[in-house]
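Chains A and B, in that order, give the protein sequences.
Using our numbering, read the first sequence as starting at 33 and increasing by one per residue.
Using our numbering, read the second sequence as starting at 101 and increasing by one per residue.
The block underneath contains the structure these notes are about, expressed in structure tokens.
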Amino acid sequence: DAMVIQNPRYQVTQFGKPVTLSCSQTLNHNVMYWYQQKSSQAPKLLFHYYDKDFNNEADTPDNFQSRRPNTSFCFLDIRSPGLGDAAMYLCATAPNGGEETQYFGPGTRLLVL
Amino acid sequence: GENVEQHPSTLSVQEGDSAVIKCTYSDSASNYFPWYKQELGKGPQLIIDIRSNVGEKKDQRIAVTLNKTAKHFSLHITETQPEDSAVYFCAAHTGGFKTIFGAGTRLFVKA
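Written as structure tokens, this is what we have:
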């Protein structure tokens with residue numbers, strides 16, 4: 033089945049230690065999104081790629097970076113995680129963005145010690 | 101900025117009863133309104149969506165209504181079942197690639 037896969041499902045890191053979360057898709061969608069979701073809150077868009085074009089939300093901290101080496105994979109890098117970065121990180125895809133369904137992965141829950 | 105408000109934050113119903121979740125949005129240019137269901141430990145999954153040229157859409161036990169003038173849209177679940185228990189998010193597409201999500205409604209269906 034075509035799907036959005038996120039690894040790992042749970043990630044524990046130390047305060048200030050860089051961490052990378054990964055997302056892959058078999059849907060061949062052009063757009064990939066990264067969202068941060070804190071407990072009992074709505075998903076908050078961090079950035080998205082349309083193909084290789086990267087688009088950062090204005091309020092996304094500089095601490096968060098992303099890479100998309102090819103259509104299938106997208107990575108979220110947190111350079112120096114703080115306690116406030118503990119959250120669920122959701123990856124989503126869409127065929128072309130805009131007024132379309134987004135297909136979410138199961139998420140990676142990040143714990144910062 | 102753009103905003104989507106969602107109510108209630110928690111909803112508890114008896115199995116077989118109906119559940120209604122209401123949302124309002126601020127950007128009058130929004131034209132696409134999806135609803136997502138998020139079960140514990142999983143990512144959100146689309147359950148129904150509506151576009152601004154339609155006032156109502158139904159899919160089996162789920163229906164969504166849209167009032168563009170008032171900038172309101174609602175999710176209706178009839179004959180609720182325990183497996184409907186989850187967090188439901190409304191959302192509004194505000195243009196470009198951005199979708200704004202409501203804060204979510206935690207629905208409990210009691211057997």
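We put the CB at the ideal spot given by N, CA and C, even for glycine.
Worksheet entry | Neighbour list for GLU119(B) in chain A, Cβ cutoff strictly below 9 angstroms | The sequence given here has Ala at residue 119(B), not Glu. In chain order: nothing, as chain A lies at least about 19 angstroms away.
Discussion item. Please report whether the beta-carbon of TYR132(B) lies at a distance below 8 angstroms from any beta-carbon of chain A.
Written reply: yes
Worksheet item: Would you say GLN69(A) and MET120(A) are within 8 angstroms of each other, going by their C-beta atoms?
Response: yes
Discussion item. Taking the straight line between their C-alpha atoms, what separation do you get for ALA74(A) and PHE136(A)?
Written reply: 14 angstroms
Practice prompt. Can you give me the start and stop residues for the beta strand (DSSP E) that VAL44(A) sits inside?
Written response: 42 to 45
Worksheet entry | Given SER152(B) as reference, the closest of SER174(B), LYS142(B), GLY196(B), TYR132(B) once Cα atoms are compared | TYR132(B)
Item to complete: Evaluate the contact criterion for the segment 112 to 126 of chain B versus the segment 170 to 181 of chain B: three or more CB pairs, one atom per stretch, below 8 angstroms.
Response: yes
Discussion item. I want to check one thing, is the minimum distance from the CB of PRO134(B) to the heavy atoms of the ligand GDP below 7 angstroms?
Written reply: In the structure shown, the ligand GDP is absent, as is every other ligand, since no ligand is present at all.
Worksheet item: Using a Cβ-Cβ cut-off of 7 angstroms (strictly less than) and excluding sequence neighbours within five positions of SER52(B), which residues of its own chain qualify?
Response: Absent from the model: residue 52(B). The displayed extent of chain B is 101 to 211, so no value can be given.
Discussion item. Give me the residue from GLN43(A), SER104(A), LEU78(A) with the minimum Cα distance to ASP94(A).
Written reply: LEU78(A)
Worksheet item: Just curious, the beta strand (DSSP E) that PRO134(B) is in, first and last residue?
Response: 132 to 138
Item to complete: Drop a sphere of 10 angstroms on the beta-carbon of THR169(B), count the other beta-carbons inside from all chains shown, and report buried for 16 or more, exposed for fewer.
Response: exposed
Fill in: Proximal residues of chain A, C-beta to C-beta of PHE201(B) below 7 angstroms
ALA74, PRO75
Worksheet item: Enumerated in chain order, which unbroken segments of the beta strand (DSSP E) with a length of 3 residues or greater are wholly contained in the segment 116 to 187 of chain B?
Response: 119 to 125, 132 to 138, 145 to 151, 156 to 159, 162 to 167, 172 to 177
Discussion item. DSSP three-state label for LEU143(A), please.
Written reply: strand
Worksheet item: For the segment 78 to 102 of chain A, which residues have a beta carbon sitting closer than 9 angstroms to at least one beta carbon of chain B?
Response: HIS80, TYR82, ASN87, GLU89
Worksheet item: Are any of the Cβ atoms in chain B nearer than 8 angstroms to that of SER122(A)?
Response: Note that residue 122(A) is Leu in the sequence shown, not Ser. Cβ-Cβ to chain B under 8 angstroms: yes for LEU122(A).
Worksheet item: With 16 as the cutoff for other CB atoms within 10 Å, does VAL44(A) come out buried or exposed?
Response: exposed
Item to complete: Tell me, please, whether the CB atom of THR45(A) is closer than 8 angstroms to any CB atom in chain B?
Response: no
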